[in-house]
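S.K.:
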Amino acid sequence: MRYALQRILQFLIVFFLVTFGVMVLLRVGLDKPGDPARTMLGGAPSQQQIDDTTARYHLDSNYFVQYWYWLTAMLQGDFGFSVQNSLPVRTLIENRIMTTVLLGVYAVTFGLLIAVPVAVYQAYRRDRAFDKVSSGMSFLVVSVPEIVIAVFLSFLFVVTLGWFPRIGEKVYPWDDPVEHFRNFFLPSLVLVLPLAAVTARILRADMSLTLQSDFVSLARAKGMSPRRILWRHALPNSLFSLLTVIGFQLGAIIGGAVVAEAYFDLDGMGSLLVVAAFGSDLFTVQAIVALLVITVVFANLIIDLLYSVIDPRIRVARSLA
Amino acid sequence: MSIETFNVTPTDTVEARAVVERATGSATPRPRRRPSAGAMLGMAWLLVLFFLAVFADQLSFIYGYEQTVQVNGEAANRYALGPGWTAWFGTDGLGKDVFAKCIYGARTSLFVGVVATLIGLLVGGLIGIVAGYRRGATDRVAGIVTDALLSIPAIVLAIVIVTKLSTLREDQRWLDWLDRRWQITLTLGILAIAPLARIVRAQTLSLREREFVLAARSLGARTGRILWREILPNLVPTMLTVAFTGLGILIAAEGALAFLGLSVETPTPTWGKLIDLNRDRIDDGWWATVFPCLMLFMTVLSFNLIGDWFARRFDIREATI
Chain Y
1 MRYALQRILQ FLIVFFLVTF GVMVLLRVGL DKPGDPARTM LGGAPSQQQI
51 DDTTARYHLD SNYFVQYWYW LTAMLQGDFG FSVQNSLPVR TLIENRIMTT
101 VLLGVYAVTF GLLIAVPVAV YQAYRRDRAF DKVSSGMSFL VVSVPEIVIA
151 VFLSFLFVVT LGWFPRIGEK VYPWDDPVEH FRNFFLPSLV LVLPLAAVTA
201 RILRADMSLT LQSDFVSLAR AKGMSPRRIL WRHALPNSLF SLLTVIGFQL
251 GAIIGGAVVA EAYFDLDGMG SLLVVAAFGS DLFTVQAIVA LLVITVVFAN
301 LIIDLLYSVI DPRIRVARSL A
Chain P
322 MSIETFNVTP TDTVEARAVV ERATGSATPR PRRRPSAGAM LGMAWLLVLF
372 FLAVFADQLS FIYGYEQTVQ VNGEAANRYA LGPGWTAWFG TDGLGKDVFA
422 KCIYGARTSL FVGVVATLIG LLVGGLIGIV AGYRRGATDR VAGIVTDALL
472 SIPAIVLAIV IVTKLSTLRE DQRWLDWLDR RWQITLTLGI LAIAPLARIV
522 RAQTLSLRER EFVLAARSLG ARTGRILWRE ILPNLVPTML TVAFTGLGIL
572 IAAEGALAFL GLSVETPTPT WGKLIDLNRD RIDDGWWATV FPCLMLFMTV
622 LSFNLIGDWF ARRFDIREAT I
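Protein chains in written order, with our numbering: chain Y, 1 to 321; chain P, 322 to 642.
(1) In the DSSP assignment, what residue or residues form a beta bridge with residue 81 (chain Y)?
(2) Cβ of residue 420 (chain P) less than 8 Å from any chain Y Cβ?
(3) Residue 614 (chain P) versus chain Y: which residues are under 8 Å apart at the beta carbon?
(4) Can you tell me whether DSSP reads residue 587 (chain P) as helix, strand or coil?
(5) Give the DSSP-derived three-state secondary structure of residue 417 (chain P) in the structure shown.
(6) Quick check: what's the CA-CA separation for residue 609 (chain P) versus residue 595 (chain P)?
(7) To the nearest angstrom, report how far apart residue 604 (chain P) and residue 360 (chain P) are at their CA atoms.
(8) Under 8 Å Cβ-Cβ, which residues of chain Y neighbour residue 569 (chain P)?
(9) Going by CA-CA distance only, name the one from Y:192, Y:261, Y:252 and Y:92 that's closest to residue 296 (chain Y).
(10) Note down, in chain order, all residues in the stretch 484-503 of chain P with a beta-carbon under 8 Å from any beta-carbon belonging to chain Y.
(11) Using a Cβ-Cβ cut-off of 8 Å (strictly less than) and excluding sequence neighbours within five positions of residue 26 (chain Y), which residues of its own chain qualify?
(12) Compare the C-beta of residue 429 (chain P) against all C-beta atoms of chain Y and say whether one is closer than 8 Å.
(13) Which same chain residues end up closer than 7 Å to residue 33 (chain Y) when comparing Cβ atoms and leaving out the 5 residues on each side of it in sequence?
(14) Do residue 273 (chain Y) and residue 294 (chain Y) have their beta-carbon atoms positioned less than 8 Å apart in this structure?
(15) Name, going along the chain, the residues of the stretch 614-636 of chain P whose beta-carbon falls closer than 7 Å to a beta-carbon of chain Y.
(16) Against chain P, with Cβ distances strictly below 8 Å, would residue 278 (chain Y) count as a contact?
(17) Using the beta-carbon of each residue, which ones in chain P are nearer than 7 Å to residue 64 (chain Y)?
(18) From which residue to which residue does the alpha helix (DSSP H) around residue 524 (chain P) run?
(19) Using a C-beta to C-beta distance shorter than 8 Å, which residues of chain P count as neighbours of residue 375 (chain Y)?
(20) Determine contact between the stretch 253-265 of chain Y and the stretch 188-199 of chain Y, defined as no fewer than three beta-carbon pairs at a distance below 8 Å.
(21) Can you give me the Cβ contacts of residue 261 (chain Y) inside the same chain, cut-off strictly under 6 Å, excluding the 5 residues immediately before and after it?
(22) Output needed for residue 163 (chain Y): all residues of its chain with C-beta closer than 6 Å, excluding positions within five of it in sequence on either side, in chain order.
(23) For residue 613 (chain P), which of Y:151, Y:7 and Y:103 has the nearest alpha-carbon?
(24) Residues in its own chain within less than 7 Å of residue 30 (chain Y) by CB, not counting five upstream and five downstream?
(25) Less than 8 Å between the C-beta atoms of residue 458 (chain P) and residue 145 (chain Y), yes or no?
(26) Check whether the Cβ of residue 120 (chain Y) lies closer than 8 Å to any Cβ atom in chain P.
(27) If you check the beta carbons only, do residue 624 (chain P) and residue 533 (chain P) fall under 8 Å apart?
Structure representation (structure tokens):
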């Protein structure tokens, strides 16, 4: 319990530090009065507009005061206003968040669905043909940048085979599952492949190690079926690094989503961020970064707490600490 | 391949693999001094690429990147030439030589990759070694800062920092030297700091408990000397390994940024920009997209292969001490 509280405290510190840091970073160099408002408005705004925006978002107060206003508004669900889109940032994000969430969910689900069986079999039949070929392949895939995967997939499936549309349209599965599949398959695959390769490599290493341990030999000696040994005994004991890596890779998945959305013209958080950052749309950038940081850090927090669910030894060690 | 991959490779995976291999004795127990075939190929590719990139202006068989390819005395049209003798990689949408653009693109990629890695090694290494050696409050502060940096998806942070740097440059006189190439280099350098600091810190933590450090301390060596003469030399293998893997990662990231529109000023070509500019016309001239992709892939793969070889080699050296 004490451990959980410590971790939650750490979560809060990182969140405050990052959001405050990004806010300050975005405002560096905008020292003259009215500068932040001018940047946010874009174009050539009138003095009246500048004064209004400055007053409305307290852009003339010091960073701590501004941060306080931003944070309290954020906690009440008000993410500020994107002047350039003349829409509240919240609406902008609401329109797009589902795309990125779906991509991320597909990436993790299918990445693991591929990686886990492959890695288990690799470890079980170490150094045999399948292990060698698939290990080589995962090393190759880890070395392919996301854009190259995107080009390769679209060249194969869009240009040559013509199975999927060139430009992704935002169709949700609950509206039209078939169209959704057609539009989301390739962008998801861009994320799935590297994730599957990275996780398979990690799990294979851990799993091979577990299969050397005495309890596995014992299980084998008393005649337990290999399937049961692998899935019920060895796999749960090999998940530690895998979980950690998924936590780390979450940022990579989001980064991959930015590229995949840009490549397949899907309207998601990634494309929103790129446009907002180019246009110095301060509140939009701040809100997106805050949401992403919450996602990443929160997921890592959950994973960290999961360790003690999976492994009683960690639970004991933590309760003693 | 993304910056997040820094956090798992090579230390975690390599250590796990090394333990397995030592336990099973199945893979290469003998010290392997000579590079693996893959690493040799990687080095060969990188040497050729470096050579061509550096001497591109002097070599007569490389066109200028702004020079239109001539066919029978006439300027080539859009995508007029496929790969062949006149233009090795074909011509692009402007009738320019894709091979020449790929070579000049290598300049940007290699420069950005190498300098950003050096920034990361220098700053991240310093933070890591000091935090790991001094522990206590220093370590905690460094830990929070690296945690915060790592919690933002790398591409997202890169987008925010590069766009910020370029708007800053517009109205700050003293930043005139900071052209796009330096903006990207600096950004990727900043991104490399946190993962490197983490790896170096972990390594330093275990090194500081070793007998030779104790011996140096009991002989009255100052902290600076212990860090510089005792700990740093032992960090070199890890740092080298991470540097090579990191180079691949950063070059991939540079490609992704260029693809998203954050690249060096026109007309200087980069691989990411070539991919972005030509991908919509992939059915007219696949070569203009596919060859830059191949260059990117081969280069990242080469760095990974070399990094992988270093990892194996140094790991074995460490085990034999």
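Virtual Cβ for every residue (Gly too), placed ideally from N, Cα, C. Source: prediction; values computed, not measured.
M.R.: With the structure as the only source:
(1) Taking the first residue of the first sequence as position 1, residue 81 (chain Y) is located at position 81. Looking at the DSSP output, residue 81 (chain Y) sits in a beta bridge with Y:88.
(2) The residue given as residue 420 (chain P) occupies position 99 in the second sequence. Judged by the 8 Å Cβ criterion, residue 420 (chain P) is not in contact with chain Y.
(3) For the purposes of this step, residue 614 (chain P) is taken as residue 293 along the second sequence, with counting starting at 1. Chain Y residues near residue 614 (chain P): 147, 148, 151 and 152.
(4) What you label residue 587 (chain P) is simply residue 266 of the second sequence in a count that begins at 1. Coil at residue 587 (chain P), not helix or strand.
(5) Taking the second sequence and counting its residues from 1, the one referred to as residue 417 (chain P) is at position 96. Here residue 417 (chain P) sits in strand by DSSP.
(6) As a first step, residue 609 (chain P) is located in the second sequence; it is residue number 288 there, counting from the start. As a first step, residue 595 (chain P) is located in the second sequence; it is residue number 274 there, counting from the start. So the alpha carbons of these two residues sit roughly 7 Å apart.
(7) To locate residue 604 (chain P), count along the second sequence from 1; it is residue 283. To locate residue 360 (chain P), count along the second sequence from 1; it is residue 39. If I take the Cα positions, the gap works out to 35 Å.
(8) The residue labelled residue 569 (chain P) in the question sits at position 248 within the second sequence. Near residue 569 (chain P) (Cβ distances below 8 Å), the residues of chain Y are 143.
(9) The residue given as residue 296 (chain Y) occupies position 296 in the first sequence. Closest by alpha carbon: Y:252.
(10) 484, 485, 488, 489, 492 and 493
(11) The sequence position of residue 26 (chain Y) within the first sequence is 26, counting from 1. Excluding positions up to five away in sequence, the list reads 280, 282, 285 and 286.
(12) The residue given as residue 429 (chain P) occupies position 108 in the second sequence. Answer no: the Cβ-Cβ gap between residue 429 (chain P) and chain Y never drops below 8 Å.
(13) Numbered from its first residue, the first sequence carries residue 33 (chain Y) at position 33. Excluding residues within five positions, the ones whose Cβ falls inside 7 Å are 60.
(14) Translated into the one-based positions of the first sequence, residue 294 (chain Y) becomes position 294. Translated into the one-based positions of the first sequence, residue 273 (chain Y) becomes position 273. Not in contact: residue 294 (chain Y) and residue 273 (chain Y) (Cβ atoms no closer than 8 Å).
(15) 614, 617, 618, 621, 622 and 625
(16) Locating residue 278 (chain Y) in the first sequence gives position 278, counting from the first residue. Chain P, which has a Cβ nearer than 8 Å to the Cβ of residue 278 (chain Y), makes this yes.
(17) For this step, residue 64 (chain Y) is matched to residue 64 along the first sequence. Correct list: empty, because the minimum Cβ distance to chain P is about 18 Å.
(18) What you label residue 524 (chain P) is simply residue 203 of the second sequence in a count that begins at 1. Here the alpha helix (DSSP H) through residue 524 (chain P) covers 501-528.
(19) Outside the modelled stretch of chain Y, which goes from 1 to 321, sits residue 375 (chain Y), for which no answer is possible.
(20) yes
(21) Counting from 1 along the first sequence, the entry for residue 261 (chain Y) is found at position 261. Taken in chain order, the residues that qualify are 268, 270 and 271.
(22) On the first sequence, residue 163 (chain Y) is found 163 positions in, with the first residue counted as 1. Hits under 6 Å: 157.
(23) The residue given as residue 613 (chain P) occupies position 292 in the second sequence. The shortest C-alpha separation from residue 613 (chain P) is found at Y:151.
(24) Locating residue 30 (chain Y) in the first sequence gives position 30, where the first residue counts as 1. So the list reads 36 and 39, once near-sequence residues are dropped.
(25) For this step, residue 458 (chain P) is matched to residue 137 along the second sequence. For this step, residue 145 (chain Y) is matched to residue 145 along the first sequence. Taking 8 Å as the Cβ cut-off, residue 458 (chain P) and residue 145 (chain Y) do not qualify as a contacting pair.
(26) For this step, residue 120 (chain Y) is matched to residue 120 along the first sequence. Cβ-Cβ to chain P under 8 Å: no for residue 120 (chain Y).
(27) Along the second sequence, one-based indexing puts residue 624 (chain P) at 303. Along the second sequence, one-based indexing puts residue 533 (chain P) at 212. Taking 8 Å as the Cβ cut-off, residue 624 (chain P) and residue 533 (chain P) do not qualify as a contacting pair.
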